[in-house]
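Residue numbers (the working numbering): 25 to 288. Take a look at the structure set out below.
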């Protein structure tokens, strides 16, 4: 995050290579990058200056929750996830002068996902041919980034108590088992719309548009000895997941690892 060449695997590089975005000094991701640089100088996320910067940015992002700009909501959610990871990385459960900061960050995340789930529900898959044929690359990048950021949130929840931040018991909320698995590496790393469409056309017949995180959990339950009535169904699922593994990126590897933790 401290170098644009190494964007996290849930932030698509194309969004911050475009001049119109790069010139926006207040873009949440660019602000986040500056705070990361500040943290690197101080060497400690719990430094009062760093915590103060995160707290101030959280207040600003929460105030922007009513914006009609989908990219602002996405960037805000992604930045919040990075701040949560920064705080978690210090290994401290209390934050002295900013003890409520994790809670306010989680509520800010919920506010931005409430807007995205209402206006852009997760009803389309990332590699479905009919879906891709009907959308622009920009739309696809948004949907896939939204999915990956949500997946990161659920993986974060495997290790930290976040029940008070983003409840998943409402109709429009995400449930981890229903989140689509990350799109293949060649699609995610395509540098422009032409290469993205070309890459999809090359591999469209081998890609499964319907695999979800719950499928990984189901397969892991089978691996540890759980019994299912339909053994053939499990075998078919195993072949589908194996094909997905062949093209997954580093983020997909992380998702796979976390699914083994959940399945235990």
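C-beta atoms are modelled at their ideal positions from N, C-alpha and C, and glycine is treated no differently.
{"query": "Where residue 141 sits in the DSSP three-state scheme", "result": "helix"}
{"query": "Residues near residue 220 by beta carbon distance below 6 Å, same chain, minus five either side", "result": "161, 214"}
{"query": "Environment of residue 61 [buried if 16+ CB atoms lie within 10 Å]", "result": "exposed"}
{"query": "Exposure of residue 257, with buried meaning 16 or more beta-carbon neighbours within 10 Å", "result": "exposed"}
{"query": "Beta-ladder partner(s) of residue 236, from DSSP", "result": "204"}
{"query": "At least three beta-carbon pairs within less than 8 Å, the stretch 29 to 36 to the stretch 161 to 178", "result": "yes"}
{"query": "Residue 30, buried or exposed, once every other Cβ within 10 Å from all chains shown has been counted against 16", "result": "exposed"}
{"query": "Span of the alpha helix (DSSP H), counted from its first residue to its last, around residue 58", "result": "52 to 66"}
{"query": "Under the three-state DSSP convention, the category residue 199 falls into", "result": "coil"}
{"query": "Any 3 or more C-beta pairs closer than 8 Å across the stretch 132 to 139 and the stretch 66 to 74", "result": "no"}
{"query": "Candidates 99, 132, 205, of which the one nearest residue 269 by Cα", "result": "205"}
{"query": "Selected residue, minimal CA-CA separation from residue 72, among 274, 125, 49", "result": "125"}
{"query": "Contact check, residue 111 vs residue 100, beta carbons under 8 Å", "result": "no"}
{"query": "Close beta carbons around residue 77, own chain, < 7 Å, minus the five adjacent residues each side", "result": "59, 62"}
{"query": "Residue 257: first and last residue of the uninterrupted alpha helix (DSSP H) it sits in", "result": "255 to 271"}
{"query": "Best match in 82, 145, 74 for proximity to residue 128 [C-alpha to C-alpha]", "result": "82"}
{"query": "Residue 80, buried or exposed, once every other Cβ within 10 Å from all chains shown has been counted against 16", "result": "exposed"}
{"query": "Straight-line Cα distance separating residue 274 from residue 93", "result": "29 Å"}
{"query": "Boundaries of the alpha helix (DSSP H) in which residue 178 is found, first to last residue", "result": "161 to 180"}
{"query": "First and last residue of the uninterrupted alpha helix (DSSP H) at residue 81", "result": "72 to 87"}
{"query": "Opening and closing residue of the alpha helix (DSSP H) in which residue 37 lies", "result": "That residue, residue 37, is in no alpha helix (DSSP H); it is neither H nor E in DSSP."}
{"query": "Collapsed DSSP secondary structure at residue 92 in the structure displayed", "result": "coil"}
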